[in-house]
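S.K.: Would you mind keeping the following structure in view while I ask a few things?
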């Protein structure tokens, strides 16, 4: 590893630590740990090959280890350098995982691939070719689009891979277990594919009986808003009215949704549900990209109708339900991951996930760690970080004053009641 640039110029002066400044002051020379790693690895390779470090061992050649890969990257000083437009060498090493510059990729795309890509995208927007027929049933309609005065309705699925052209009956039967796919109908009058929902074609979401209607349910349905990763939909739902063999009672509607992979927005006659994939996506996006619930629901509105998303907001706003469902879903998933079978009176800290890198006696430390020599006891040091709330208690929002966490001291924050009792024992605090 070289501190200076590849062109031979002296390193740029920066504020703070400088290798040259340290050497000029007579300080101890900085020892590069990577250089020592390369040297020791070369010695091991040479010893294993009779003194020749250039010949890999049979083990490393057949199954290279991460250490060998790191050594190979460090010892290979012949990496390709980036060149300017006039062919002169800039002295900067090119990344090995992307040796083609973006300018060259863009040039190839415009000259070779862009026209074909545009043509292919436009061909996908064209109408049905040839005869008007459903390839799945015998509902064939001879003639072309222009020859038939009143052509039948033909549909295709935008989410199915290589979705065929189907009639209304076949598009419904093929999407019994995929009711949230985006279905398009060919508008022969205006000449384009328009979006349609399966509900408009007469689809009814049946819970239980592998998608078929429960014989005890009759014709009674309930309109329910379903929040899916494809957007916000509304379906007539028919519940199962059969008795559970264990309880001899009808399974509650909220549990029927859970059994089919939906999280209910409420637990008494739910009129809005969320797919479990939506709950997982929101949890992952909030942890990795800091996406809040409002922005995530706006994203789902845009996926439903990107032209007039406010229509979804007026009819099917489920932002409030999403907040509550996310709290419940995350709590239940934490209980499952920690192997707990109860939801109340949890043991203190039972939901806490210990850091695997922090030393924990009887867990990830050597049995004789107490007898470690004093010069190496720093390896067993445990560091705690304490942060203040910076008057966050003065920023209370206009929410439920009686709201409480579901974990109740089992997670990273102390139980509020126990903490309040502890503060009472301290008495009045003096000024800081």
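Residue numbers (UniProt numbering): 1 to 432. Even for Gly, the Cβ is constructed at its ideal location relative to N, Cα and C.
1. Should residue 300 be flagged as near chain C, meaning a C-beta pair shorter than 8 Å?
2. Does DSSP put residue 167 in a helix, in a strand, or in coil?
3. Would DSSP call residue 288 helix, strand or coil?
4. If you follow the alpha helix (DSSP H) that residue 120 is in, where does it begin and where does it stop?
5. For residue 212, is the classification buried or exposed, using 16 other Cβ atoms within 10 angstroms of its Cβ as the cut-off for buried?
6. Classify residue 428 as buried or exposed, calling it buried when 16 or more other Cβ atoms lie within 10 Å of its own Cβ.
7. Counting Cβ pairs closer than 8 Å, one from the region 284-301 and one from the region 363-376, do we hit at least three?
8. Residue 362 to residue 337, Cα distance in whole Å?
9. At the level of alpha carbons, what is the spacing between residue 105 and residue 120?
10. Which same chain residues end up closer than 7 Å to residue 115 when comparing Cβ atoms and leaving out the 5 residues on each side of it in sequence?
11. I'd like the ranges of any beta strand (DSSP E) spanning at least 3 consecutive residues and lying wholly in the region 257-331.
12. With residue 334 and residue 322 assumed to form a contact (beta carbons below 8 Å), what rounded beta-carbon distance in angstroms separates them?
13. Quick check: the Cα distance between residue 252 and residue 382, rounded to an integer number of angstroms?
14. Report the three-state DSSP secondary structure of residue 378 (helix, strand or coil).
15. Exposed or buried, what is residue 420 when buried is set at 16 or more other beta-carbons lying within 10 Å of its beta-carbon?
16. Are three or more beta carbon pairs between the region 161-181 and the region 227-236 nearer than 8 Å?
17. If you run the structure through DSSP and keep just helix, strand and coil, what is residue 412?
18. Would you tell me roughly how many angstroms separate the C-alpha atoms of residue 135 and residue 166, rounded to the nearest one?
19. For the beta strand (DSSP E) that contains residue 187, what are its first and last residues?
20. From residue 293 to residue 275, what does the alpha carbon distance come to, in whole angstroms?
21. CA-CA distance, residue 271 and residue 291?
22. Judging by CA-CA distance, which residue of 163, 201, 154 and 216 is the nearest neighbour of residue 187?
23. Using a Cβ-Cβ cut-off of 6 Å (strictly less than) and excluding sequence neighbours within five positions of residue 264, which residues of its own chain qualify?
24. By DSSP, does residue 104 sit in helix, in strand, or in coil?
25. Does the beta-carbon distance from residue 205 to residue 236 come in below 8 Å?
26. Determine whether the beta carbon atoms of residue 318 and residue 174 lie at a separation below 8 Å.
27. Which residue's Cα is closest to the Cα of residue 437: 328, 168 and 267?
28. For residue 156, list the residues DSSP reports as bridge partners.
29. If you count every other CB in all the chains shown that lies within 10 Å of the CB of residue 76, and 16 or more means buried, which is it?
30. Count the other CB atoms, across all protein chains shown, that sit within 10 Å of the CB of residue 233; report buried if there are 16 or more and exposed otherwise.
31. Comparing C-alpha positions only, which one of 316, 287, 238 and 347 sits nearest to residue 330?
32. Give the single residue among 358, 199 and 400 whose Cα lies nearest to the Cα of residue 385.
33. With distance defined between alpha-carbon atoms, name the residue in 124, 260 and 191 nearest to residue 163.
34. Since residue 217 contacts residue 241 with CB under 8 Å, what's their CB separation in whole angstroms?
M.R.: So, from the data block:
1. Structure shown: chain C not included; a single protein chain is present.
2. In the chain shown, residue 167 corresponds to position 167, counting from 1. Residue 167 falls in the coil class under three-state DSSP.
3. Here residue 288 is taken as the residue at index 288 of the chain shown, counted from 1. Per DSSP, reduced to three states, the secondary structure at residue 288 is helical.
4. For the purposes of this step, residue 120 is taken as residue 120 along the chain shown, with counting starting at 1. From DSSP, the alpha helix (DSSP H) with residue 120 extends over 114-124.
5. Locating residue 212 in the chain shown gives position 212, counting from the first residue. Its Cβ having fewer than 16 others within 10 Å, residue 212 is exposed.
6. Start at 1 with the first residue of the chain shown, and residue 428 comes out as number 428. That one is exposed.
7. no
8. The residue given as residue 362 occupies position 362 in the chain shown. The residue given as residue 337 occupies position 337 in the chain shown. If I take the Cα positions, the gap works out to 22 Å.
9. For this step, residue 105 is matched to residue 105 along the chain shown. For this step, residue 120 is matched to residue 120 along the chain shown. Answer to the nearest angstrom: the Cα atoms are 20 Å apart.
10. For the purposes of this step, residue 115 is identified with residue 115 of the chain shown, where counting begins at 1. Closer than 7 Å at the Cβ level, and outside the excluded window around residue 115, lies no residue.
11. 262-264 and 272-275
12. By 1-based counting over the chain shown, the position of residue 334 is 334. By 1-based counting over the chain shown, the position of residue 322 is 322. No, residue 334 and residue 322 are not in contact; Cβ-Cβ is about 18 Å, not under 8 Å.
13. As a first step, residue 252 must be located in the chain shown, where it is residue number 252. As a first step, residue 382 must be located in the chain shown, where it is residue number 382. Each residue's CA atom was taken as its position, placing residue 252 and residue 382 some 49 Å apart.
14. Translated into the one-based positions of the chain shown, residue 378 becomes position 378. Looking at residue 378 - three-state DSSP - the assignment turns out to be helix.
15. By one-based count along the chain shown, residue 420 stands at place 420. So residue 420 ends up on the exposed side.
16. yes
17. Walking along the chain shown from the start, residue 412 turns up at place 412. Residue state, collapsed to three classes: coil.
18. The residue you call residue 135 lines up with position 135 of the chain shown. The residue you call residue 166 lines up with position 166 of the chain shown. About 6 Å.
19. For this step, residue 187 is matched to residue 187 along the chain shown. Its beta strand (DSSP E) spans residues 183-187.
20. Within the chain shown, the letter at position 293 stands for residue 293. Within the chain shown, the letter at position 275 stands for residue 275. Answer to the nearest angstrom: the Cα atoms are 15 Å apart.
21. Along the chain shown, one-based indexing puts residue 271 at 271. Along the chain shown, one-based indexing puts residue 291 at 291. Cα to Cα, the separation comes out at about 26 Å.
22. Walking along the chain shown from the start, residue 187 turns up at place 187. Taking only the C-alpha atoms, the option nearest residue 187 is 154.
23. As a working note, residue 264 is residue 264 in the chain shown. If we look at residue 264 and ignore the five residues flanking it on each side, its Cβ neighbours are 254, 257, 270 and 273.
24. Taking the chain shown and counting its residues from 1, the one referred to as residue 104 is at position 104. Three-state result, residue 104: helix.
25. Translated into the one-based positions of the chain shown, residue 205 becomes position 205. Translated into the one-based positions of the chain shown, residue 236 becomes position 236. Yes, these two residues count as a Cβ contact at 8 Å.
26. Start at 1 with the first residue of the chain shown, and residue 318 comes out as number 318. Start at 1 with the first residue of the chain shown, and residue 174 comes out as number 174. With respect to the 8 Å criterion, residue 318 and residue 174 are not classified as neighbours on the basis of their beta carbons.
27. As shown, the chain starts at 1 and ends at 432. That puts residue 437 outside it, with no answer to give.
28. Translated into positions along the chain shown, residue 156 becomes position 156. Within the DSSP bridge table, the entry for residue 156 names 184 as partners.
29. For the purposes of this step, residue 76 is taken as the residue at position 76 of the chain shown. Interpretation of residue 76 is limited by its pLDDT of 45, a score under 50 that renders its predicted location unreliable; no figure is taken from the coordinates.
30. Reading the chain shown from its first residue, position 233 is the one you call residue 233. Buried, by the Cβ-count rule.
31. Taking the first residue of the chain shown as position 1, residue 330 is located at position 330. Of the candidates 316, 287, 238 and 347, the one whose C-alpha sits nearest the C-alpha of residue 330 is 287.
32. For the purposes of this step, residue 385 is taken as residue 385 along the chain shown, with counting starting at 1. Measuring from the Cα of residue 385, the nearest candidate turns out to be 358.
33. As a first step, residue 163 must be located in the chain shown, where it is residue number 163. Nearest of 124, 260 and 191 to residue 163, Cα basis: 124.
34. As a first step, residue 217 must be located in the chain shown, where it is residue number 217. As a first step, residue 241 must be located in the chain shown, where it is residue number 241. Confirmed, about 5 Å.
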